[in-house]
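Data first, discussion second: the structure below is written as structure tokens.
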Amino acid sequence: MESNRELISTKSRSAFKQQALKDQITGILFTFPALIIIFIFGIFPIGYSIYMSLFNWQVTKGPYVGGQNYLLIFGSWSNLLVLLAGLGLFVLGFFVWRKAFQSLNNGSRLAHIAGALVLILGGVIFVTGWGLMYETGNKDFLNSLIVTLYYALGTVPAEIILGLVLAYILYQDIIGKEAFRMIYFLPYITPSISTAVVFQIIFSSRETSLANQLIGFFGIDPLRWRFEPKPVLNLLGFDVSGLAGGPSLALLTIIFFGIWSFVGYNTVIFLSGLGNIPKEIYEAAEMDGGSKWDRFWHITIPMISPVTFYLTLIGFIGTFKAFNHIYVMRTPSAQNTVVTTSLLVFDRFYKANQYSVATAQAIVLFVIILGLTLAQNKLMGERVFYG
Amino acid sequence: MDNLAALPTTKKTKKDIHVGRILGKAFLYLILLVGALIFIFPFFWMISNSLMTLGETITRRFLPDVPQWINYKEAWFQASFSKYFLNSVLITLGTLAGLLFTSILAGYAFGRIDFKGKNTIFALFLATMMIPESVTLIPNYLLIRGNIIPLPGGTWINTYWALTIPFMANAFSIFLLRQFFAQIPNELWDAARIDGCDHLRFLVQVVMPISKAPIMTVLLFGFTGAWNAFQWPLLVTTRDTWRPLMVGLHGFVQEAGPQTNLLMAGAVITIIPILVVYFLTQKQFTQGIATTGLKG
Chain A
45 MESNRELIST
55 KSRSAFKQQA
65 LKDQITGILF
75 TFPALIIIFI
85 FGIFPIGYSI
95 YMSLFNWQVT
105 KGPYVGGQNY
115 LLIFGSWSNL
125 LVLLAGLGLF
135 VLGFFVWRKA
145 FQSLNNGSRL
155 AHIAGALVLI
165 LGGVIFVTGW
175 GLMYETGNKD
185 FLNSLIVTLY
195 YALGTVPAEI
205 ILGLVLAYIL
215 YQDIIGKEAF
225 RMIYFLPYIT
235 PSISTAVVFQ
245 IIFSSRETSL
255 ANQLIGFFGI
265 DPLRWRFEPK
275 PVLNLLGFDV
285 SGLAGGPSLA
295 LLTIIFFGIW
305 SFVGYNTVIF
315 LSGLGNIPKE
325 IYEAAEMDGG
335 SKWDRFWHIT
345 IPMISPVTFY
355 LTLIGFIGTF
365 KAFNHIYVMR
375 TPSAQNTVVT
385 TSLLVFDRFY
395 KANQYSVATA
405 QAIVLFVIIL
415 GLTLAQNKLM
425 GERVFYG
Chain B
695 MDNLAALPTT
705 KKTKKDIHVG
715 RILGKAFLYL
725 ILLVGALIFI
735 FPFFWMISNS
745 LMTLGETITR
755 RFLPDVPQWI
765 NYKEAWFQAS
775 FSKYFLNSVL
785 ITLGTLAGLL
795 FTSILAGYAF
805 GRIDFKGKNT
815 IFALFLATMM
825 IPESVTLIPN
835 YLLIRGNIIP
845 LPGGTWINTY
855 WALTIPFMAN
865 AFSIFLLRQF
875 FAQIPNELWD
885 AARIDGCDHL
895 RFLVQVVMPI
905 SKAPIMTVLL
915 FGFTGAWNAF
925 QWPLLVTTRD
935 TWRPLMVGLH
945 GFVQEAGPQT
955 NLLMAGAVIT
965 IIPILVVYFL
975 TQKQFTQGIA
985 TTGLKG
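Top line first, the protein sequences correspond to chains A and B. Heads up: take any position in the first sequence, counting from 1, add 44, and you land on our numbering. Heads up: take any position in the second sequence, counting from 1, add 694, and you land on our numbering.
Next comes the structure, spelled out in structure tokens:
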């Protein structure tokens, strides 16, 4: 009996081992085709980009230059150091400041003030570093970061708000819900090259263009839209000029397109997120006598926050990667007011053949995306309510 | 009207609430309709302009007097859209075949098999979703040009391989399938194993037939991705041999310039296949995207 049981257990153990070995082999074999392609075209290029950025590489590989290509961006290492120190202080100050808010003991007021001071100091040092960099570094690159930021701030919040509003309305008992959802999603799946062509003629600078006819209806003189490098604020009568004056009208036109093509995606995702909120919570609130508005503000918004967080994150990453529609909608007369970083990198590489300069810029962009993702995770991730 | 006055006051206020509710509802519909109009208008404008004479596009009529179907014929032949269209179809089909093959296998391995290194590889895959194309574009271009490692045929610029192989696997599709495959009950696998099934047969005969929905979603996203691709094809096609529609349309924009009507006809040609597929499968599409979005 005893030996028999042992026999079975050793037998099953060896069978188990055999299965484990089989699993190991099958697992590797099954992932292999995907691994090869993703490694060659997705992972290896990152390392190779870093390698390229250390040389003077124009079409063909030249001599090793170390950090020279990065130096061209920042002007000098000390500039970068000042900027990073400012950023570090800013983050530190922020944490002290927020900690002070959380604790209730007597020292909190002092910590509060100290935190605020460090925060301000960090901000000042950061701006100083940026100024130094702007003087001696690569203006084109730094400008492109500002344009990218304008583009991100112009599109992502609007897309989130419009997406949530449309989804919330669709979530009520609406006749033709499916049809609405289908129409809203349409711009997201159609090729942006094709739809951008339509936006080009709608927002053309001709007096008879649709956009100009529309504003003419309200008594506004024709505008140059895609061809207008002046800041929108300037056109509204404010005394500002250049990139510091906010996004140009040309960029705003591209922002319109960005919002138009992306809102439907957010609507669809929000809609399914709303479906996941338990009905009981609403029913309980209704019995407590909350108004519809209260319920939206105190139940829907917090319950939907993980979705909002996800959409904000991919929205920001998306704007930093955006290329196709900006590339086809830009005009020479809009100058650098529509050149985002991903376009600048492409121009350096494709038109100017400065491969190593382009890779160095791309890597700095990548690091910025990583940093923003981490910051967003830290900041918003803590506030998000996961039901 | 007289009846209304005769009703008790309580009833009347109830009716008022009712009217208020209807007005509120009407307001919601108004927002939805305005939204729908804004979303659909550029498509209407595209089609209406594609059927106008050149004169009509300049005077900005809303609809053409007589639909000029000849514009489509001209765009199709004059701008060699027929060639680009065929290229796009072939590139999309090849990419999809490869994508399905790699992502079903890898999705299954990540979702259902325990093996060493699984989590590391999976994390590595997911990390690639955050990387901007700007970083990978230049090395990939050198790679395809045959500058980094020798390629069969010297260079892959202007070849079918350059346009398909790099897109034959992506983390998103693998992730999507893995989520679904992992939810399949283990009892199914146990039963199949007793019958002498190995992983491959189980995958083909049991898992794939019950996973039509997620596989369909991968197909649809792969389809739009391959069909809408622009930056990479622009880079690796210097001749018409394998140039796809999007690059062709972009070239046509610069060539046709003021010929708005032909340009719009070209644009309509590029979106028709996407529209057809979308309308046939739109439920799958929006549901697929919703589930992937939330799991992200």
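Ideal Cβ placement from N, Cα and C applies to all residues, glycine included. Since this is a predicted model, take the numbers as computed values, not measurements.
Among 955/B, 978/B, 982/B and 979/B, which one has its Cα closest to the Cα of residue 758/B?
955/B
Which term fits residue 157/A, buried or exposed, when burial requires 16 or more other beta carbons within 10 angstroms of its beta carbon?
exposed
Indicate whether the contact test is met: 3 or more Cβ pairs, each with one atom in the region 355–366 of chain A and one in the region 413–422 of chain A, closer than 8 Å.
yes
Of the residues 71/A, 70/A, 103/A and 60/A, which one's Cα is nearest the Cα of residue 401/A?
103/A
Give me whichever residues DSSP pairs with residue 355/A in a beta bridge.
Answer is none; residue 355/A lacks a bridge partner.
Is it the case that the Cβ atoms of residue 943/B and residue 911/B are separated by a distance below 7 Å?
no
Interfacial residues, the region 900–923 of chain B to chain A, with Cβ spacing under 7 Å:
918, 921 and 922
Ends of the alpha helix (DSSP H) at residue 314/A?
293–319
Hey, how far is the Cα of residue 71/A from the Cα of residue 174/A?
49 Å
Helix, strand or coil: which one does DSSP assign to residue 834/B?
helix
For residue 972/B, three-class secondary structure by DSSP
Helix at residue 972/B.
Min CB distance residue 726/B to chain A below 7 Å
yes
DSSP three-state label for residue 713/B, please.
helix
What residue does the alpha helix (DSSP H) around residue 795/B start on, and which one ends it?
775–806
Inter-residue Cα distance where the pair is residue 703/B and residue 712/B:
For residue 703/B, the pLDDT reaches just 46, beneath the cut-off of 50, and the residue's location in the model is therefore unreliable, although a value from the coordinates is still provided. Whole-angstrom Cα-Cα distance: 14 Å.
From what residue to what residue does the beta strand (DSSP E) around residue 105/A run?
104–108
Closest to residue 178/A by C-alpha separation, out of 123/A, 133/A, 320/A and 219/A, would be which residue?
123/A
Note down the Cα distance separating residue 12/A from residue 317/A, rounded to an integer number of angstroms.
The shown model of chain A, from 45 to 431, leaves out residue 12/A, and the question about it has no answer.
Cβ of residue 235/A within 7 Å of any chain B Cβ:
yes
In angstroms, rounded to a whole number, what distance separates the CA positions of residue 718/B and residue 209/A?
15 Å
Give me the Cα-Cα distance between residue 219/A and residue 339/A, rounded to the nearest whole angstrom.
23 Å
Which runs of the alpha helix (DSSP H) at least 4 residues long sit entirely within the region 77–140 of chain A? Give them in chain order.
88–97 and 112–118
For a test of the three-state rule: what should DSSP assign to residue 702/B, helix, strand or coil?
Residue placement at residue 702/B cannot be trusted, given a pLDDT of 47 that sits under 50; what the coordinates show is reported in the next sentence. In the structure shown, residue 702/B adopts coil according to DSSP, grouped into three states.
Tell me the residue span of the alpha helix (DSSP H) that contains residue 770/B.
764–772
Cutoff 7 Å: residue 828/B Cβ touching any chain A Cβ
yes
Using CA atoms only, rank isn't needed, just tell me which of 921/B, 904/B, 827/B and 820/B is closest to residue 858/B.
The option with the nearest alpha carbon to residue 858/B is 921/B.
Using a Cβ distance threshold of 8 Å, determine whether the region 349–359 of chain A contacts the region 369–376 of chain A, with at least three qualifying pairs required.
no
What residues of chain D sit near residue 954/B, judged by a beta carbon separation below 7 Å?
Here chain D cannot be found, since the structure's protein chains are A and B.
Taking C-beta pairs closer than 8 Å, name the residues in chain A that residue 936/B reaches, listed in chain order.
Simply none; closest approach about 17 Å.
Backbone secondary structure at residue 729/B - three-state DSSP:
helix
Using beta carbons (cut-off 7 Å, strictly below), is residue 56/A in contact with chain B?
no
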